[in-house]
Amino acid sequence: MKKHLCLFVAILGLFVFFAAQANAQTANKSADIIVKLGLTPYSSLTSEYESKLYINGDLDNSRSGSSSDNGKIGFLLSVDGEQYINNNFAAGIGLSYLTSRKINNSQTIVSGFNLYALLKGKTNNLNKKDANTPISLYALGNIGLTFPSLSFQDSYIRNTKINVETANQGFYAAIGGGIEIKNFNIELLYQYFLLSGFESVSFTYYGDYYSGYADDTYKYSCLTLNIGYRFSLW
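Listed below in structure tokens is the structure:
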């Protein structure tokens, strides 16, 4: 399923990009690169898990459940390539990087890359008094893949390290909008990530060897405030 999802997003991204480019060549419309730096004041991670713990090779317990918690403040760096189909609509592809942020009340750390296709619609110039400083409102949507890094580390048992690591590609989507003032834009973006992972844990405690694993499903969402600058290619 993951291979099919990767192929679907890749084909969708190429289709959107080349379709926009073909229309733009006919209409002689612009192509832009937008570099954005975002602040994420709010994020939430929900996990559903099924785990097993062994002591000296014998099954000690098996359990399943879910947990949810908010994350610390983080940052988002993104680069979007946009090809305008006409004066009001653009399509393209983008790449973003989610910097490491810690989830409250746990030692989970979330980071990763996102690759996506995008669609954008914007209004005509709202600044009728000064044509040299165009102002527009816009809405956009992203859909693609996320390549996350979820890591966990703790030392609450007699300074013995517990290391858990999981990183599988998953589904990524975002929706938002903003205001564009000449080449600058301010944007509010809601992002959603759906992925699965595998965790493993091992440590020694009072001479006994503990080992275990957990299959997880993660749902991560965040609200990001972006500030960007647009570079026109043609």
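If you read the sequence shown in this note's numbering, its first letter stands for residue 325, the second for the next number, and so on.
Just so it is clear, CB atoms sit at the ideal spot from N, CA and C, and this is done for glycine as well.
| Query | Result |
| --- | --- |
| DSSP state of residue 498 mapped onto helix, strand, coil | strand |
| Whole-angstrom distance between residue 418 and residue 411, CA atom to CA atom | 20 Å |
| Beta-carbon proximity of residue 472 to residue 519, cut-off 8 Å | yes |
| Outcome for residue 482 when other beta-carbon atoms lying within 10 angstroms are tallied against a minimum of 16 | With a pLDDT of 38 at residue 482, under the threshold of 50, the modelled position of that residue is not reliable, and the figure given next carries that caveat. Its Cβ having fewer than 16 others within 10 Å, residue 482 is exposed. |
| CA-to-CA distance, residue 377 to residue 557, given in whole angstroms | 56 Å |
| Endpoints, the beta strand (DSSP E) within which residue 426 is located | 413-426 |
| Residue range of the unbroken beta strand (DSSP E) whose run includes residue 379 | 355-379 |
| Between the CA atoms of residue 370 and residue 552 - distance to the nearest angstrom | 30 Å |
| Inter-residue spacing [alpha-carbon to alpha-carbon] between residue 527 and residue 392 | 25 Å |
| Which of helix, strand or coil DSSP assigns to residue 493 | coil |
| Span of the beta strand (DSSP E) around residue 539 | 532-556 |
| The beta strand (DSSP E) enclosing residue 448, as first and last residue numbers | Neither: residue 448 is in no beta strand (DSSP E) and is coded neither H nor E. |
| Nonlocal neighbours in the same chain, by C-beta distance under 7 Å from residue 356, ignoring five residues either side | 406, 554, 555, 556 and 557 |
| Reference residue 496, options 437, 502, 467 and 508, closest by Cα | 467 |
| Host beta strand (DSSP E) of residue 398 (start-end) | 398-408 |
| Simplified DSSP state of residue 444, which is helix, strand or coil | strand |
| Opening and closing residue of the beta strand (DSSP E) in which residue 394 lies | 382-394 |
| Own chain partners of residue 437 with C-beta closer than 6 Å, once the 5 adjacent residues on each side are dropped | 421 and 471 |
| Buried or exposed (CB count within 10 angstroms, at least 16 for buried), residue 408 | buried |
| Where residue 456 falls: helix, strand or coil (DSSP) | coil |
| Cβ-based neighbour list, residue 388, same chain, cut-off 6 Å, excluding 5 preceding and 5 following | 374 |
| Other residues of its chain near residue 413: CB distance less than 6 Å, five sequence neighbours each side excluded | 445 |
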